[in-house]
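Protein chains: 2
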Amino acid sequence: MRVSVGEQGKVAKKKAIGKTRKPEREEVPAGDNTKHTMRDVARLAGVSISTVSAVINGTPKVSPVRTQRVYEAMQSLDYQPDQIARSLKVGRSRTIGVVVPDITNAFYPEVIRGIEEAAHKSGYGVLLCDSNEDPAREKEHLSTLFSRRVDGVILACSDTSAAYDVLVARRFPLVFVDRIPKGVRQNAVSTNNIKAARMATRHLIDLGHKRIAVLAGDLNFSTHAERLEGFKRAMHQAGLDIPEAYLRSGNLQLEDGYEAGLELLKLKHPPTAVFASNNKLLVGLLRAVSEMHVPCPGKVSVLGFDDHVWNQHFNPRLTSVAQPTYDIGRCAFEMLLARMEDQPLPGKQWSSIMLLDAQLKIRESTAPPASDGRKS
Amino acid sequence: MRVSVGEQGKVAKKKAIGKTRKPEREEVPAGDNTKHTMRDVARLAGVSISTVSAVINGTPKVSPVRTQRVYEAMQSLDYQPDQIARSLKVGRSRTIGVVVPDITNAFYPEVIRGIEEAAHKSGYGVLLCDSNEDPAREKEHLSTLFSRRVDGVILACSDTSAAYDVLVARRFPLVFVDRIPKGVRQNAVSTNNIKAARMATRHLIDLGHKRIAVLAGDLNFSTHAERLEGFKRAMHQAGLDIPEAYLRSGNLQLEDGYEAGLELLKLKHPPTAVFASNNKLLVGLLRAVSEMHVPCPGKVSVLGFDDHVWNQHFNPRLTSVAQPTYDIGRCAFEMLLARMEDQPLPGKQWSSIMLLDAQLKIRESTAPPASDGRKS
DNA sequence: CTGTTAGCGCATTCAT
DNA sequence: ATGAATGCGCTAACAG
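From first to last, the protein sequence lines stand for chains F and Z. Using my numbering, the letters of the first sequence map in sequence onto residues 1 to 376. Using my numbering, the letters of the second sequence map in sequence onto residues 1 to 376.
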């Protein structure tokens with residue numbers, strides 16, 4: 001179809017030279033499974049190639065007649081503009097990269113969902129990368145993303161050591177989600193972890209608890225450090241102190257939560273409530289509680305961070321802090337979009353870290369402490 | 001900086017067009033925040049542009065000296081090849097599209113993980129799309145993926161009506177995962193649902209159960225239809241029959257599982273075991289069981305499809321069918337890769353549907369029926 | 001081996 | 001309002 005130049009006469013001048021097509025072309029059936037270009041459309045519509053471009057982009061005004069003809073041609077050829085070529089030309093790919101440490105952690109799919117929906121609404125594609133909690137892999141991903149010429153990146157980093165902005169911030173717009181590297185003071189969106197943890201802890205305190213332990217996670221991550229900070233503030237404000245044995249930090253895997261839980265429960269003065277700083281820790285803790293047959297919330301109240309479907313169907317139903325995961329994703333994309341399109345930043349907030357409020361879902365795993373915990 | 005070519009005002013000769021290069025650009029300023037092209041590298045290395053291309057692609061042999069020089073130049077300029085340009089030239093983007101119905105459903109992140117890892121290992125990027133269980137959205141995604149010139153697509157469809165292959169199979173290589181549309185007999189990978197369901201059901205039967213109910217889900221989806229089929233076969237083989245009231249199908253949301261569970265448990269002859277065909281149904285069922293204070297597994301055994309972290313920490317720990325999610329993703333990519341690169345198919349298997357075996361994780365939610373359920 | 005050159009498909013001045 | 005021409009950055013013949 002496309003090789004039959006010369007028919008229309010007008011275009012068949014020197015143009016034939018540019019088209020050094022060899023007649024090796026096997027016969028093509030009806031132009032069905034063929035990929036068509038703007039030229040094909042132009043020819044069929046009897047207009048120039050730039051007119052086609054014009055109607056596609058709506059740029060200059062094109063007469064209704066020709067517009068119509070072009071549309072019909074596109075239709076009949078089932079023409080789809082080649083975004084690759086377009087990207088090369090305009091220098092923007094309308095694609096963003098999203099790199100997360102572990103898509104298997106239920107927290108991330110939800111923020112990805114927020115990103116994805118907002119992105120597609122704005123015509124952006126999402127290139128997904130999983131760093132598997134491995135800084136080296138993350139770096140590699142960042143590099144290939146750059147090579148693929150993404151317009152921007154949303155990153156939930158897997159590395160606690162900084163140097164992020166030095167590394168890539170100037171290569172393309174970058175916004176951090178969830179975990180925010182030290183030193184970063186803008187282009188980031190996360191949960192207001194301090195506030196959330198404080199609220200959660202206060203809930204425990206209001207219930208009458210005085211001996212509250214915390215499974216704090218890895219304090220090298222901003223998220224966990226902040227949650228502990230919020231916890232401490234609430235405790236301090238209530239005049240309660242935190243025995244060293246009640247403060248467990250370090251790693252953040254399920255097993256860590258399990259072991260820490262076991263040790264906590266075996267203390268001569270066990271806590272009457274435990275706050276777990278993320279979902280994995282929480283599950284581990286729950287397992288310890290269940291294994292030691294400690295009634296919950298009867299003997300120990302349990303409160304966790306991250307709220308998933310399971311939490312409300314667990315037995316007992318779990319009180320937990322629900323992060324605004326979807327909104328984190330959405331906001332992150334919007335922040336990135338503003339940078340990518342150089343929009344005037346609508347307010348100071350955009351040039352600083354954006355903190356979203358979490359919600360405390362009070363269910364059955366938290367209750368007033370047993371009598372021995374209530375005295376004083 | 002690189003646009004300072006306009007010395008000649010007008011292009012003198014057509015012949016000179018290709019030679020618009022001017023050696024005016026000698027000093028390489030801190031080549032830091034600038035994007036460099038192969039030309040910059042070539043100039044710095046003192047070689048031709050195609051030599052640079054050659055060392056990058058390793059295509060023809062380049063003398064070690066020049067190779068070295070090129071590498072140094074690339075290094076010092078921090079040069080990253082522009083994949084967009086490359087894609088346009090070679091006609092392949094080294095990108096695949098992945099569209100899932102709901103990334104929030106824990107099943108998909110795991111298969112995505114399998115896809116992602118295999119893809120990156122082969123140098124492919126993954127464009128993620130979430131159709132939100134909406135056929136229209138899915139279609140739209142397929143269309144933009146085509147426009148973005150992905151080399152292939154892995155699709156977990158959200159539409160039960162067929163016409164998939166007619167629609168897109170010839171536009172680009174396509175592999176189905178999980179849900180397989182009716183009529184598709186190749187380019188698909190999924191769990192061997194019939195076998196898995198049969199095995200699970202047999203486990204219940206072996207335990208001594210005779211009154212087994214099933215929450216079958218939406219039978220328009222191949223996955224659910226097959227699971228029911230497997231269930232039926234096992235029952236039939238054991239000479240057990242399935243009262244109509246024990247077979248619940250239709251929708252597959254959590255609430256459906258909850259309501260069905262309630263009704264089942266309220267029957268004059270309630271089942272002694274229930275098989276839930278997916279994770280949401282299972283959670284709903286569990287909730288009903290817990291709410292009615294029916295001891296599990298004491299009074300009713302529960303077995304589910306899909307195995308997530310939570311399952312093994314639930315109380316009681318859940319017996320469930322673990323699908324080979326990661327492998328499904330990995331295999332799907334490999335199947336797609338074979339098609340994209342036109343590799344000779346290693347065996348008939350590739351040209352048919354690939355079914356992976358699931359694993360039955362026996363835990364605590366299944367046990368022999370109570371005495372009143374054991375008689376005949 | 002190495003350099004020159006012609007486009008890939010599209011957006012965009014700049015002439016009409 | 002419309003069309004011819006130019007090049008985005010790169011690869012692949014084809015020359016030398």
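Ideal Cβ positions, reconstructed from N, Cα and C, are used throughout, including at glycine.
Would a C-beta distance cut-off of 8 angstroms place residue i and residue j closer than the cut-off?
i, j, result
"Asn192(Z)", "Leu356(Z)", "yes"
"Met292(F)", "Leu265(F)", "yes"
"Ile96(Z)", "Asp178(Z)", "no"
"Val100(F)", "Val153(F)", "no"
"Leu127(F)", "Gly125(Z)", "yes"
"Leu303(F)", "Thr366(F)", "yes"
"Ala216(Z)", "Arg248(Z)", "yes"
"Ile212(F)", "Thr201(F)", "yes"
"Ile53(Z)", "Met74(Z)", "It is Ser, not Ile, that sits at residue 53(Z) in the sequence shown. Not closer than 8 angstroms, so no."
"Ile49(F)", "Ile84(Z)", "no"
"Asn132(Z)", "Asp102(Z)", "yes"
"Asp241(F)", "Gly250(F)", "no"
"Gln312(F)", "Arg233(F)", "no"
"Phe275(F)", "Leu204(F)", "yes"
"Ala288(Z)", "Leu262(Z)", "yes"
"Val175(Z)", "Ala332(Z)", "yes"
When the Cα of residue i is compared with those of the options, which residue comes out closest?
i, options, result
"Phe314(F)", "Ala136(Z), Leu282(Z) and Lys299(Z)", "Leu282(Z)"
"Gly208(F)", "Ala273(F), Ala358(F) and Leu285(F)", "Ala273(F)"
"Tyr326(Z)", "Arg94(Z), Ser48(Z) and Val189(Z)", "Val189(Z)"
"Pro297(Z)", "Pro368(Z), Ala338(Z) and Ile362(Z)", "Pro368(Z)"
"Ser277(Z)", "Pro295(Z), Ser290(Z) and Ala322(Z)", "Ala322(Z)"
"Lys121(Z)", "Ala370(Z), Gln359(Z), Glu334(Z) and Lys299(Z)", "Glu334(Z)"
"Arg171(Z)", "Ile180(Z), Thr144(Z) and Lys280(Z)", "Thr144(Z)"
"Ala338(Z)", "Ala119(Z), Tyr79(Z) and Ser76(Z)", "Ala119(Z)"
"Asp40(F)", "Gly58(F), Glu72(F) and Thr104(F)", "Glu72(F)"
"Ile328(Z)", "Ala156(Z), Leu318(Z) and Leu228(Z)", "Ala156(Z)"
"Asn57(Z)", "Ser290(Z), Val90(Z) and Arg198(Z)", "Val90(Z)"
"Lys123(F)", "Leu77(Z), Ser320(Z), Arg148(Z) and Tyr79(Z)", "At residue 123(F) the sequence reads Gly, which differs from the Lys that was named. Selected option, being the one with the closest Cα: Arg148(Z)."
"Glu341(Z)", "His36(Z), Pro173(Z), Lys35(Z) and Gly46(Z)", "Pro173(Z)"
"Pro324(Z)", "Met354(Z), Gln68(Z) and Pro295(Z)", "Met354(Z)"
Is the CB of residue i under 8 angstroms away from at least one CB in chain F?
i, result
"Pro29(Z)", "Only weak support exists for where Pro29(Z) lies, its pLDDT of 38 falling under 50; the value from the coordinates is given anyway. With 8 angstroms as the cut-off, Pro29(Z) does not count as an interface residue toward chain F."
"Asp82(Z)", "yes"
"His380(Z)", "An answer regarding residue 380(Z) cannot be provided, because it is not within the stretch 1 to 376 covered by chain Z."
"Pro109(Z)", "yes"
"Glu244(Z)", "no"
"Gly114(Z)", "no"
"Ala106(Z)", "yes"
"Gly125(Z)", "yes"
"Ser290(Z)", "yes"
"Ser93(Z)", "yes"
Is residue i helix, strand or coil when you go by DSSP?
i, result
"Ala367(Z)", "coil"
"Gly152(Z)", "strand"
"Phe107(Z)", "helix"
"Ser53(Z)", "helix"
"Ala163(Z)", "coil"
"Ala358(F)", "coil"
"Cys129(Z)", "strand"
"Ser147(F)", "helix"
"Leu247(Z)", "strand"
"Ile96(F)", "strand"
"Ser63(F)", "coil"
"Thr325(Z)", "helix"
"Val158(F)", "The question names Val, yet the displayed sequence has Ser at residue 158(F). Residue state, collapsed to three classes: coil."
How about residue i: is its C-beta nearer than 8 angstroms to some C-beta of chain Z?
i, result
"Pro324(F)", "no"
"Asp101(F)", "Note on residue identity: the sequence assigns Pro, not Asp, to residue 101(F). Answer no: the Cβ-Cβ gap between Pro101(F) and chain Z never drops below 8 angstroms."
"Ala367(F)", "no"
"Arg248(F)", "no"
"Phe146(F)", "yes"
"Arg149(F)", "yes"
"Asp241(F)", "no"
"Glu364(F)", "no"
Would you mind listing the alpha helix (DSSP H) stretches within the stretch 176-237 of chain Z that are 4+ residues and don't spill past its ends, in chain order?
Fully enclosed alpha helix (DSSP H) runs of 4 or longer: 193-207 and 222-237.
Where in the stretch 270-306 of chain Z do unbroken runs of the beta strand (DSSP E), each at least 3 residues long, occur, reported from the N-terminal end onward?
Counting whole runs of 3 or more residues, the stretch 270-306 of chain Z contains the beta strand (DSSP E) stretches 273-276 and 301-305.
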